[in-house]
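A.B. asks: Numbering (the numbering used here), first residue to last: -2 to 449.
(1) Pull up the CB-CB distance for residue 54 and residue 94, whole angstroms please, since I reckon it's below 8 Å.
(2) Report, in whole angstroms, the separation of the C-beta atoms of residue 295 and residue 313, which I expect to be a contact under 8 Å.
(3) Evaluate residue 49 with the Cβ neighbour count: other Cβ atoms within 10 Å of its Cβ, from every protein chain shown; 16 or more gives buried, anything less gives exposed.
(4) Under three-state DSSP, which class holds residue 149?
(5) Please report how far the alpha carbon of residue 248 lies from the alpha carbon of residue 326, in whole angstroms.
(6) Pop quiz: residue 148 and residue 154 are said to be a contact at Cβ under 8 Å. What is the actual Cβ separation, rounded to whole angstroms?
(7) Let me know the secondary structure DSSP gives residue 257 once reduced to three states.
(8) Could you give the DSSP three-state label for residue 119: helix, strand or coil?
(9) Express the C-alpha separation of residue 228 and residue 351 in angstroms, rounding to a whole number.
(10) Answer yes or no: do residue 57 and residue 96 have a C-beta to C-beta separation smaller than 7 Å?
(11) Which residue wins for smallest C-alpha separation from residue 369, given the options 355, 345, 375 and 349?
(12) Determine the closest residue to residue 182 out of 61, 112 and 305, with distance taken between C-alpha atoms.
(13) Taking Cβ positions, are residue 71 and residue 119 nearer each other than 7 Å?
(14) Check this for me: beta carbons of residue 372 and residue 278, under 7 Å apart or not?
(15) Please report the residue range of the alpha helix (DSSP H) in which residue 56 lies.
(16) Given 8 Å as the limit, is there contact between the stretch 72 to 82 and the stretch 209 to 219, that is, 3 or more CB pairs closer than that?
(17) Based on the DSSP output, what are the partners of residue 342 in its beta bridges?
(18) Rounding to the nearest angstrom, what Cα-Cα distance links residue 102 and residue 108 in this structure?
(19) Going by the beta-carbon positions, is the gap between residue 367 and residue 267 smaller than 7 Å?
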């Protein structure tokens, strides 16, 4: 605190000295204004990335049942969300539980919790803490069928099926730039390794398991896992908590029951020209008053849908925007000129069939390079008056959308003027008019005779 106050006093003294000097010097006055601007004007931030937080409770945790039932677990999750910049009312949150019953059903493997109003906690934008939406914990949890024996966590299958459970059933445009998974579990795997085939075989062999049902759904489960893993991967990340960044947050004295953070990311990093037919360079046509951009772009890969395309000028200002890939607008002449550098930024929606809610955006550092294309403004064979002079807006009086015809009219006018001028010069200087000193009259003989 003392260092902070000293820093502030130093800055104030510096500004005051510059102000006094600037009273006598106009240049220094401008410098003083610049110093003030550096301290009090902040740069414009990029768009805030939207985030979907998924909290997934492992419901097959017999050794840590007491920790799970304690409402303190919700307050811990609230604290984790807040310390990792969760934006209430803006970011999405989903809460699900997972456990595979002895009579296996993949429809019941992962299910959502219900809030105090009885609604599934899927893609909610709550304006207050999670603990306030799950009163009387653990009311609202998915109810397990324990009559046929204890369920299994089936950890190696859990993460993909958690993500698939949060997929919106309708085309509701609930989408996010990032998807964060907070797995609340002991991470115990029924097998020697996190291998879903091995764990599946181990669990279905447990006494009391419905072996026939396991065999019936096995191929479908394995096929789904294979395809999902071709689309997404789970990256372990660090999250902020007391004392700094943590790989995991313990919830039990032995630290085996914990919150494990992941980021769910697509396997593929697309680029603009790899997945769409947006022309390069962007077709720019000179028209009266500016430059016309007209094109229709669409996805050439069925997994991706164009969300928007933004054209930015050399200073980052937005010159044009399209929300469906169709461009048809005019950039004013004072905003851009030939030789300027412009950025094309595209955002995509990943429609993979499993989650369908991922935004591929240049605002996300992970995709910035692929979703941004920089090019120099080049006019394709721009017509010029007499092939030499560009047609400036002040002289563009006709055919506002066709520079060729506008130039041809001027060419015709100039040619006619030139022809008229030539004809005038010919008429003016071709007639011979001798000067008076070169003209004389000889003796004139009278044809009249005078009688005497």
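The beta carbon of each residue, even a glycine, is placed where N, CA and C say it ideally should be. The structure displayed is predicted, hence computed values, not measured ones.
C.D. replies: Per the coordinate set shown:
(1) Here residue 54 corresponds to residue number 57 of the chain shown, with the count starting at 1. Here residue 94 corresponds to residue number 97 of the chain shown, with the count starting at 1. That pair is a contact at about 5 Å.
(2) On the chain shown, position 298 is the one that residue 295 refers to. On the chain shown, position 316 is the one that residue 313 refers to. Not really, about 27 Å apart at Cβ, beyond 8 Å.
(3) Start at 1 with the first residue of the chain shown, and residue 49 comes out as number 52. Under this definition residue 49 is a buried residue.
(4) Along the chain shown, one-based indexing puts residue 149 at 152. Strand.
(5) The residue given as residue 248 occupies position 251 in the chain shown. The residue given as residue 326 occupies position 329 in the chain shown. Going by the C-alpha atoms only, they are around 57 Å apart.
(6) Start at 1 with the first residue of the chain shown, and residue 148 comes out as number 151. Start at 1 with the first residue of the chain shown, and residue 154 comes out as number 157. With 8 Å as the limit, residue 148 and residue 154 do not qualify as a contact, their Cβ atoms being about 13 Å apart.
(7) The count along the chain shown starts at 1 and reaches residue 257 at position 260. In this structure, residue 257 counts as strand in the three-state DSSP scheme.
(8) Here the question's residue 119 lines up with position 122 in the chain shown. Correct three-state label for residue 119: coil.
(9) As a first step, residue 351 must be located in the chain shown, where it is residue number 354. As a first step, residue 228 must be located in the chain shown, where it is residue number 231. Rounded to the nearest angstrom, the two C-alpha atoms are 9 Å apart.
(10) Here the question's residue 57 lines up with position 60 in the chain shown. Here the question's residue 96 lines up with position 99 in the chain shown. Closer than 7 Å, so yes.
(11) One-based indexing of the chain shown puts residue 369 at position 372. Closest option to residue 369, Cα to Cα, is 345.
(12) Counting from 1 along the chain shown, the entry for residue 182 is found at position 185. Residue 61 is the option with its Cα nearest to residue 182.
(13) Your numbering for residue 71 matches position 74 in the chain shown. Your numbering for residue 119 matches position 122 in the chain shown. Against a cut-off of 7 Å, the Cβ pair of residue 119 and residue 71 comes out as no contact.
(14) The residue labelled residue 372 in the question sits at position 375 within the chain shown. The residue labelled residue 278 in the question sits at position 281 within the chain shown. Going by C-beta atoms, residue 372 is nearer than 7 Å to residue 278.
(15) In the chain shown, residue 56 corresponds to position 59, counting from 1. Here residue 56 belongs to no alpha helix (DSSP H), and DSSP marks it neither H nor E.
(16) no
(17) Your numbering for residue 342 matches position 345 in the chain shown. Bridge partners of residue 342: 307 and 369.
(18) Working through the chain shown from its first residue, we reach residue 102 at position 105. Working through the chain shown from its first residue, we reach residue 108 at position 111. If I take the Cα positions, the gap works out to 11 Å.
(19) For the purposes of this step, residue 367 is identified with residue 370 of the chain shown, where counting begins at 1. For the purposes of this step, residue 267 is identified with residue 270 of the chain shown, where counting begins at 1. A contact, by the Cβ cut-off of 7 Å.
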